[in-house]
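Each protein sequence line maps, in turn, to chains D and P.
Here our numbering is used: the first residue of the first sequence is 150, the next is one more, and so on.
Here our numbering is used: the first residue of the second sequence is 150, the next is one more, and so on.
The beta-carbon is built from N, C-alpha and C at its ideal position, and this holds for glycine as well.
All values derive from a computational prediction rather than experimental measurement.
Scroll down for the structure; my scribbles are underneath it.
Protein chains: 2
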Amino acid sequence: MDKILRINMGAAGGPQQSIEKAGEFAALGGRATTSTIVGKEVPPDCHPLGAENKLVFAPGMLSGSAAAISGRISVGCKSPLTGGIKESNAGGQAAQVLARLGYAAIIIEGQPQGDDLYKIHINKDQVTISVDNSLKLLDNYPLIDKLKQEYGDKVAYISIGSAGERMFAAASIACTDPELRPTRHCGRGGVGAVMGSKRIKAIILDDQGCENRQPKDADKFKAANRAFVEGIRKHPVAGEGLPAYGTNVLTNVLNEAGGYPTRNFKTGQFEDATSISGETQAALEIERGGSATHGCHRGCVIQCSGIYHDKQGKYLTKQPEYETVWSHGGHCGISDLDAIATLDYWDDNIGLDTIEMGVAVGVAMEGGLLEFGDSEGAIRLVRDEVGKGTPLGRILGNGAAFTGKAFAVERVPVVKNQALPAYDPRTVQGIGVTYATSTQGADHTAGYAVATNILKVGGDVDPLKPEGQIELSRNLQIATTAIDSTGLCLFIAFPILDQPETFQAMLDLLGSFYGIEMTGDDVVALGQKVLSLERDFNKKAGFGPEDDRLPRFFSSEPLPPHNISFQVPDEELDQLYNWD
Amino acid sequence: MDKILRINMGAAGGPQQSIEKAGEFAALGGRATTSTIVGKEVPPDCHPLGAENKLVFAPGMLSGSAAAISGRISVGCKSPLTGGIKESNAGGQAAQVLARLGYAAIIIEGQPQGDDLYKIHINKDQVTISVDNSLKLLDNYPLIDKLKQEYGDKVAYISIGSAGERMFAAASIACTDPELRPTRHCGRGGVGAVMGSKRIKAIILDDQGCENRQPKDADKFKAANRAFVEGIRKHPVAGEGLPAYGTNVLTNVLNEAGGYPTRNFKTGQFEDATSISGETQAALEIERGGSATHGCHRGCVIQCSGIYHDKQGKYLTKQPEYETVWSHGGHCGISDLDAIATLDYWDDNIGLDTIEMGVAVGVAMEGGLLEFGDSEGAIRLVRDEVGKGTPLGRILGNGAAFTGKAFAVERVPVVKNQALPAYDPRTVQGIGVTYATSTQGADHTAGYAVATNILKVGGDVDPLKPEGQIELSRNLQIATTAIDSTGLCLFIAFPILDQPETFQAMLDLLGSFYGIEMTGDDVVALGQKVLSLERDFNKKAGFGPEDDRLPRFFSSEPLPPHNISFQVPDEELDQLYNWD
């Protein structure tokens with residue numbers, strides 16, 4: 150990863166490409182790379198869909214190597230949803246292929262005149278940027294089918310559906326899985342809209358003729374990788390729960406804890422939770438000839454995904470994630486797994502963040518557009534309104550906060566305009582701190598305090614009390630920012646938090662790959678550095694302490710069954726970034 | 150005005166009223182009263198459409214007296230459009246009647262459960278709050294027709310149309326003129342949505358049996374009033390231009406100055422300006438049997454309004470104001486006065502801010518929804534989409550910024566989310582300072598630097614240069630805030646800026662009415678005090694220096710024909726409130 154590809158889409162006479170030396174970014178990756186570039190090159194007060202914004206793709210530090218589960222790709226920009234800096238990452242094949250092609254980053258800048266639509270093909274010899282208006286308004290599945298006819302199936306695809314072209318703030322960027330299904334999405338923050346604003350429909354990455362990236366100390370690397378994989382496999386969450394039931398294993402856990410936000414965060418338990426739980430879903434997938442265990446990229450040793458077939462035993466979608474099952478399920482009072490899987494398919498196809506879309510639909514239900522529980526209505530909204538770009542689709546496609554404004558709904562679960570994920574911050578107060586203070590807007594992956602609050606991974610902090618949540622969230626946000634830079638899947642956090650030898654193995658993987666000594670302090674320093682520059686960007690974009698708050702109803706409405714409100718004081722939230 | 154009426158719409162068992170002594174507010178009025186109450190009683194971080202927001206009505210300090218042109222009523226709340234404090238004022242009969250009834254303010258707080266719709270009847274003996282669901286979704290003209298059957302024509306009506314009930318952020322509050330037409334609107338900032346959120350459809354004010362408010366020093370008051378009226382009548386703008394042609398006299402003036410924002414602020418001159426000028430409009434009104442001279446309330450000595458008849462000689466709407474003719478006209482590339490008057494009628498009827506709606510339609514045109522110049526399309530959008538509450542209507546009805554987001558438009562002329570009025574800040578740099586820094590969002594009435602930049606009233610500051618604009622805007626914002634508290638029409642600013650004896654007459658009017666000595670310093674102190682507390686509210690609501698900025702394109706795109714961009718540096722904008 151010694152080079153950076155820069156493409157100016159707004160150059161006179163058409164897009165222009167240039168190759169730069171990677172410099173400091175040669176030994177960086179993922180979120181550290183995207184946020185550093187965005188922080189340096191994007192004016193914080195620019196319009197997110199204008200020529201001044203940039204879209205940065207970066208594989209992780211270990212992507213493209215033989216390191217296990219190192220296939221996360223980061224996308225960075227100023228977010229059209231939050232108005233702040235955004236890093237959104239996904240699995241799939243893209244990171245590995247891009248890293249093997251030798252690119253530390255792709256920086257897309259400027260904006261073309263006119264309405265031509267472009268695709269970018271990258272192989273070991275060249276980068277080709279071409280107009281292809283035949284792709285206009287294709288959604289991701291038919292788009293990839295069409296591109297496969299031209300580029301085959303030995304490549305990785307990055308693409309946007311119609312939502313990205315229409316620049317909806319809930320638009321995602323899709324990456325294909327090993328079977329070339331566009332199912333792994335950089336979902337959050339509207340990164341797909343920024344790709345749409347650059348008029349880029351797809352990036353085709355072809356690493357034929359490229360080798361794996363080689364570690365500096367091959368023996369140490371091999372040993373570290375072995376210990377790392379062992380550590381993952383022996384951990385109860387990463388080695389058992391996730392492979393067997395996927396992320397949706399959490400439905401029953403959160404519902405039992407009373408932290409499963411139901412019908413737009415009105416209660417913490419859903420009476421139909423078991424009908425949509427991971428256990429039920431896995432059994433159904435197996436029964437119908439799908440699969441409850443599948444990796445989103447080659448080299449994954451957790452295999453938390455799966456394949457969801459319809460009643461006729463035909464592929465419908467990948468195994469819907471916990472957050473998706475929640476947002477389209479419990480949040481909307483919907484308990485029909487097939488309906489939820491259909492919504493997952495349409496989200497992936499149209500190119501939408503499943504969290505933002507599900508929460509938007511639930512907010513519209515609160516606003517009286519549909520009854521809670523109306524699964525047919527929910528499908529109609531996503532498929533026929535958002536998918537066809539109708540005015541109602543433009544409302545929903547711009548996210549939960551936008552939908553709340555359109556329908557004058559007061560109870561809108563967002564922070565920095567981004568929809569809250571599937572953990573009620575009143576029952577899981579640590580995740581509430583993360584939602585409130587993350588540079589990314591409400592984002593469970595930014596500092597997954599659920600681990601320690603509920604799963605008792607990395608310690609045990611009482612989820613119902615304010616004490617200790619700031620420190621917990623701070624430490625997790627720092628660690629997560631570093632992990633988001635390595636290319637390693639965030640689920641390694643479970644074993645590395647619980648098992649010191651697995652944490653050491655991760656340090657050794659990084660150290661042996663780059664030929665350096667890597668310590669825990671280095672990880673913390675990296676995380677702090679990146680978080681600080683993200684926060685600095687947000688401050689310049691206009692964010693202040695009042696943006697580091699949950700919506701007021703979390704403080705004023707106690708949540709059944711625990712009947713507790715969010716208790717962490719504002720003054721403590723304002724201390725989260727005080728680590729200097 | 151020795152009492153305040155407080156109505157808690159959220160009380161258990163139904164709305165509850167109470168009467169309080171006016172206290173400090175007995176000698177205050179208008180904006181000073183509404184902003185002080187909102188500042189004291191409304192949490193700056195509350196949801197503007199929730200129970201914590203309050204809606205405050207206040208007549209001016211001189212309203213209900215024999216003082217000329219003292220009929221402005223102020224409405225205050227947290228704005229659902231800007232998210233900051235809002236004072237929106239209008240003419241019509243309401244201020245005079247409310248003041249004669251003895252109320253310094255009506256404070257409406259809380260929020261009822263359920264969807265009953267209420268009306269409030271106030272006469273000298275009692276306040277009656279009653280459910281009247283027969284009024285649901287009536288627009289203003291049919292609503293007033295219906296209410297007149299019950300309450301007659303010796304009253305003043307305050308009401309919302311369907312837009313207010315639907316809680317659109319562009320919804321206005323209508324006040325009836327002397328002929329009981331709902332044509333005088335507290336337009337800006339979505340105050341109608343707040344009234345809708347309180348489920349109040351109409352307030353009927355009946356002052357039968359009440360007398361004019363009496364001055365403490367009757368002789369001095371009478372003499373001051375005479376001098377004041379004389380001063381107004383002899384000024385070329387207030388005594389000649391406005392009575393003859395109305396506010397639309399400005400179309401030719403601004404167009405000649407190259408500061409007439411055309412087709413979403415792309416140029417500063419509209420080739421068809423003369424077809425929609427005040428001169429053309431007045432001739433047409435007279436030709437069709439309407440009138441080019443009409444007062445919005447009894448006691449007005451400027452008479453800047455008029456009556457606009459359709460081709461058949463039938464009443465269509467009141468004389469559309471300059472801002473309306475611009476927003477639906479030049480801003481949208483529309484040059485058909487009848488189409489503009491039709492839009493004015495629908496705005497008034499549905500209950501919409503004409504500036505916000507016109508700018509929203511123009512932004513939608515920029516986003517490709519309609520061609521610029523499509524007058525039939527524009528009418529269809531307002532009448533059939535906004536007026537019927539369709540999803541597209543919900544987009545447009547929530548204002549220009551919201552419409553811009555829905556259609557992913559980068560060039561959106563708003564400050565603090567509120568649409569810019571009819572003066573391009575590149576050609577009239579002083580008004581740009583007011584747009585950027587006003588506590589109200591972009592608002593020409595907040596500090597009308599056009600007066601000195603273009604009309605050469607109150608001095609002469611070159612409109613194309615940054616020098617002197619901060620001081621000009623600062624002084625005008627302070628003076629305006631005070632005038633907005635007196636109940637006097639803002640158009641008295643022209644004579645009082647130019648004629649020291651008319652300024653003195655205004656001071657004498659206030660002084661003799663309250664039996665105090667009133668000096669220019671007192672006016673400045675009042676304006677500063679109110680502005681400071683408004684700004685304090687906004688800070689607590691999350692506004693920072695980055696919110697005191699024009700959209701970036703005003704700095705980056707020079708405006709033809711002068712080819713000048715907005716030049717006032719950010720650091721100077723940040724000095725506007727430094728008067729301590």
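C-beta atoms of residue i and residue j nearer than 9 Å
i: Arg543 of chain D; j: Phe174 of chain D; result: no
i: Gly417 of chain D; j: Gly407 of chain D; result: yes
i: Phe662 of chain D; j: Phe370 of chain D; result: yes
i: Gln567 of chain P; j: Arg382 of chain P; result: no
i: Gly517 of chain P; j: Gly178 of chain P; result: no
i: Val564 of chain D; j: Ser587 of chain D; result: yes
i: Ala319 of chain P; j: Ala393 of chain P; result: no
i: Asn272 of chain P; j: Asp356 of chain P; result: yes
i: Leu680 of chain D; j: Ile627 of chain D; result: yes
i: Pro193 of chain D; j: Lys689 of chain D; result: yes
i: Ala488 of chain P; j: Ile528 of chain P; result: yes
i: Lys303 of chain D; j: Gly664 of chain D; result: no
i: Ile153 of chain P; j: Gln165 of chain P; result: no
Residues that DSSP places opposite residue i in a beta bridge
i: Leu354 of chain D; result: D:Ile271, D:Ala305
i: Val280 of chain D; result: D:Tyr267
i: Thr416 of chain P; result: P:Thr411
i: His458 of chain P; result: P:Tyr464
i: Gln618 of chain D; result: Gln618 of chain D is not bridged to any residue.
i: Cys453 of chain P; result: P:His443
i: Ala320 of chain P; result: P:Leu501
i: Gly225 of chain P; result: P:Val205, P:Glu236
i: Gln165 of chain D; result: D:Asn157
i: Ile257 of chain D; result: D:Ile156, D:Leu204
7 Å CB neighbourhood of residue i in its chain, flanking five on each side removed
i: Phe640 of chain P; result: Ala387, Leu391, Ile451, Cys453
i: Phe702 of chain D; result: Arg560
i: Phe521 of chain P; result: Arg412, Cys481, Gly482, Met514
i: Asp609 of chain D; result: Thr601
i: Ala654 of chain P; result: Ala373, Ala376, Phe377, Gly380
Beta-carbon separation (whole angstroms), residue i vs residue j, contact threshold 8 Å
i: Ile307 of chain P; j: Ala351 of chain P; result: 7 Å
i: Asn374 of chain D; j: Leu658 of chain D; result: 6 Å
i: Ser622 of chain D; j: Leu725 of chain D; result: 7 Å
i: Ala571 of chain P; j: Pro410 of chain P; result: 7 Å
i: Ser346 of chain P; j: Ser424 of chain P; result: Not a contact, Cβ separation roughly 40 Å.
i: Leu545 of chain D; j: Leu569 of chain D; result: Not a contact, Cβ separation roughly 17 Å.
i: Leu699 of chain P; j: Pro574 of chain P; result: 6 Å
i: Asp723 of chain D; j: Asp696 of chain D; result: Not quite, the Cβ-Cβ distance comes to about 11 Å (not below 8 Å), so this is no contact.
Own chain residues within Cβ distance below 6 Å of residue i, not counting five before or after
i: His384 of chain P; result: Phe643, Pro644
i: Cys195 of chain D; result: Glu201, Asn202
i: His334 of chain D; result: Ala239, Ser321, Ala323
i: Gly607 of chain P; result: Ala600, Thr601, Leu646
i: Val558 of chain D; result: Val512, Glu515, Gly516
i: Leu403 of chain P; result: Tyr409
i: Gln618 of chain D; result: Gln578, Gly579, Val582, Val717
i: Ala631 of chain P; result: Val672, Leu675, Gly676
Other residues of its chain near residue i: CB distance less than 8 Å, five sequence neighbours each side excluded
i: Asn361 of chain P; result: Gly213, Ser214, Ala215, Arg249
i: Gln363 of chain D; result: Ser214
Tell me whether the segment 248-260 of chain D and the segment 196-213 of chain D touch, counting them as touching only if at least three CB pairs, one residue from each stretch, are closer than 8 Å. yes
Touch check for the segment 711-719 of chain D and the segment 236-249 of chain P: three-plus C-beta pairs under 8 Å?
no
(request) Decide if the segment 500-510 of chain D is in contact with the segment 469-487 of chain D; the criterion is three or more beta carbon pairs, one per stretch, under 8 Å apart. (result) yes
> Counting pairs of Cβ atoms below 8 Å between the segment 489-501 of chain D and the segment 217-235 of chain D, do you hit three or more?
Replying inline: no
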